[in-house]
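Before any comments, here is the structure.
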Amino acid sequence: MVKTIESKAKIFVSDSNKRTGKSWISNYQIPPTDDLSIDDFQQWGLNRIRVLKHIDECRINGISGDDLNRKLRAMENQFLPLTNEEEQKRDIVSHWTLRLAYCRPADRNWFVTQEGALLKWRLSQKDDYITEYLSDNHLDHHYRLVTTQEREPFQKNLKSLFGEKPVYKLPFEQALDLLRQKKVLLHNGDCFVSKDDFASILVAAFKNDLHDALAVFYKAQANILNQNDTIAPFVEHVGTMYFGSDYGVDSTKRSGQVKPADIDMLDKRSFPMCMHNSHTKLRETHHLKHAARMQYGLFLKGIGLSLEDALSFWRTEFTRVMGVDKFDKEYSYNIRHNYGKEGKRTDYTPYSCIKIINNGGGNDHGCPFKNFDAVNLRVNMLQRGVPENGVSEVLTLVKDHHYQIACRKHFEWTHPNNNFQELSIQHPNQYFEHSEKFFNNGEQAKGEKKTEKDFLEENQLEEADLIALEN
């Protein structure tokens, strides 16, 4: 068991987090002080980061209204439910866990934005949640719901502004933007605002307080982690963790399904940009450096290339520029090692998007959406059939550093009319898997499997083109 990080650091005053309201929504002003296990500390933090990342993806993709409610309700029910005191404890602990992980200056804005969006969504779920939030978090002395009796002297003006919606009262200096927009009723230094606008004010105040608290927290982070070295690795890497399938051979059951002769066609049809780049460089130079061989080789392993076929594939390509003996001595060991047949016999799994992005890259590996310049990206996307408006959309995302969303948009443009509305690209092998589903049955209205002839005709290729590529 470990003591909660804040109490060890002694930088906050502890108090009870028990609440009586039915919303259970906290503003996280008071840190938790209970003992908890490392497993709970990590799992609750992971669950929260799943929800926050989903919120961010919804924002980037312009999802709102009923669709947003449906998606966030499903995510919250699965990973961050909030219906009783025990679940509220987990909610509070997970928030403070991520405060520690995201207090660094470069990470704060993302965390504050997603936490603010989560609070805003939660407050919107029931009419009385705002009132309960104010009371439970001792904010009702600053803000409060206007009673029916208080509305009477201003009923005509309030009704013209807000109809019959609930109205809240707060000091005018906290609603200056709304004053400029003439969206409030001003009386004796107080503002009357609608429920929706008031929720936005609460969220803005929460975000400002959280941003300031993270700056303070950051100064204590090193000391906290030094005193809790068992949680340090988790805190340092939680933001870049991948949560999906590892696409190991055991999990995909694909080993042996892909042959060396299939790879050129699969590259044109279903490889993500990162693996297409590595494959193109391999075909051009008949060689890849170690980092590129690891990235590309494990991807091929994950899509179903067996060890024997991997040795044949790499040997055939490399021996165009070197002797067989040199290949066997310098390169075959590494291939067998990746398949768990040498060294510690670890059965290595393909790299996730996060790992590829964070590992950097060169001209033969890494994430093209991060590493390529705009001109190179444009050329590559046009060559792969993305129209100009699609290229512009992707480049805008890249400019804002949304590399995985850019990859998803690339998928959408190269797989028109697909049925993967819920798709979130987090792994190159995931991209490949969904692409193959699309070409094998998803695109055909009657579920007919797409043949090699179909693919050749769509891409205006002849069989000789594929033969030339393979040779």
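For the sequence shown, full-length UniProt numbering puts the final residue at 471, and the numbers step up evenly by one. Glycine included, every Cβ here is placed at the ideal spot set by N, Cα and C.
Asked, Found
"Per the contact definition of three or more C-beta pairs closer than 8 Å, is the region 263-278 in contact with the region 287-306?", "yes"
"Helix, strand or coil: how does DSSP classify residue 171 here?", "strand"
"Please state whether DSSP places residue 387 in a helix, a strand or coil.", "coil"
"Can you tell me which of the three DSSP states residue 293 falls into?", "helix"
"Measuring CB to CB, does residue 339 end up less than 8 Å from residue 302?", "no"
"May I ask you to list the residues that DSSP assigns as paired with residue 193?", "168"
"According to DSSP, which residues form a beta bridge with residue 187?", "190"
"Helix, strand or coil: how does DSSP classify residue 144 here?", "strand"
"Which partner residues does residue 305 have in the DSSP bridge list?", "258"
"Does the region 401-408 touch the region 239-246, meaning 3 or more C-beta pairs lie closer than 8 Å?", "no"
"If you drop the 5 nearest sequence neighbours on each side, which residues of the same chain put their C-beta closer than 8 Å to that of residue 288?", "278, 281, 282, 296, 364 and 365"
"Between residue 271 and residue 210, what straight-line distance do the alpha-carbon atoms span, to the nearest angstrom?", "42 Å"
"Excluding the five sequence neighbours on either side, which residues of its own chain have a C-beta within less than 6 Å of the C-beta of residue 225, listed in chain order?", "232"
"What do you get for residue 45, buried or exposed, if any count of 16 or more other CB atoms within 10 angstroms of its CB means buried?", "buried"
"Does the structure place the region 52-59 close enough to the region 111-130 that three or more beta carbon pairs sit under 8 Å?", "yes"
"Three or more beta-carbon pairs under 8 Å between the region 348-357 and the region 378-390, yes or no?", "no"
"Does DSSP put residue 81 in a helix, in a strand, or in coil?", "coil"
"What are the boundary residues of the alpha helix (DSSP H) that includes residue 338?", "332-338"
"Is residue 333 buried or exposed, if buried means 16 or more other CB atoms sit within 10 Å of its CB?", "exposed"
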